[in-house]
Amino acid sequence: MKNQSICYIRIPKFINIQYKNLNYSSILWVTGPLGTISYKFNSFLILKKNTNKLFIKLNNSNFTFIYKKIITFFKNVSRITKKLLQINGVGYKFLLNNYNLIISIGLSHQYVLKLNKKFIYYLFKKFSILKISGFNYFELMSLYHKIRLIKKPDV
Numbered sequence: 670m671k672n673q674s675i676c677y678i679r680i681p682k683f684i685n686i687q688y689k690n691l692n693y694s695s696i697l698w699v700t701g702p703l704g705t706i707s708y709k710f711n712s713f714l715i716l717k718k719n720t721n722k723l724f725i726k727l728n729n730s731n732f733t734f735i736y737k738k739i740i741t742f743f744k745n746v747s748r749i750t751k752k753l754l755q756i757n758g759v760g761y762k763f764l765l766n767n768y769n770l771i772i773s774i775g776l777s778h779q780y781v782l783k784l785n786k787k788f789i790y791y792l793f794k795k796f797s798i799l800k801i802s803g804f805n806y807f808e809l810m811s812l813y814h815k816i817r818l819i820k821k822p823d824v
């Protein structure tokens with residue numbers, strides 16, 4: 670017999686959930702005060718909604734991943750995520766120009782990165798600290814790591 674995981678997740682009052690169970694996947698829409706997030710689960714997942722509870726039934730070992738993902742969706746649509754990036758060194762600074770982030774790397778190199786218009790960007794302390802805020806945690810962290818991976822080119 671396969672391992673089956675069954676769980677209830679309490680739905681906060683200000684969050685609305687819609688779902689659609691397909692043959693081998695499920696689509697979940699989570700709507701809150703800050704927007705809507707949709708996600709397609711490719712594993713065999715059965716979703717049912719009670720008045721304030723979401724019933725999840727899963728037939729494989731991805732249960733912890735799916736449970737945490739749904740909880741993260743609740744957080745994403747109900748609160749703003751903020752991330753700070755600090756750049757140190759002579760000639761290193763951030764500049765913002767029409768949703769383009771220009772990163773001065775040393776005294777001679779520049780890197781231009783197109784920014785997502787879903788987020789809010791601030792510069793502090795003589796352009797050495799960049800603050801990014803928005804409600805979609807996954808996209809914000811993707812952008813954060815993309816900026817962190819930028820290195821000075823080898824000449």
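Final position of the sequence shown in the working numbering is 824; the numbers increase by one with none missing. Glycine residues also receive a C-beta, built at the ideal position from the N, C-alpha and C atoms. Note that the structure is a prediction, hence the values are computed from the model and not measured.
Item                                                                                                     : Value
Just checking my contact of N745 with R679 at CB under 8 Å: how many whole Å lie between their CB atoms? : Actually they are not in contact, since the Cβ atoms of N745 and R679 sit about 17 Å apart, beyond 8 Å.
Can the beta-carbon of G803 be found closer than 8 Å to that of T750?                                    : yes
Which partner residues of H778 appear in the DSSP bridge assignment?                                     : I774
On a Cα-Cα basis, can you pick out the residue from V759, Y791, G775 that is closest to N766?            : Y791
Taking the straight line between their C-alpha atoms, what separation do you get for V699 and I706?      : 5 Å
Please report how far the alpha carbon of K752 lies from the alpha carbon of L799, in whole angstroms.   : 8 Å
Rounding to the nearest angstrom, what Cα-Cα distance links I819 and K717 in this structure?             : 44 Å
Relative to the C-alpha of N690, which candidate in K726, L703, S674 has its C-alpha closest?            : K726
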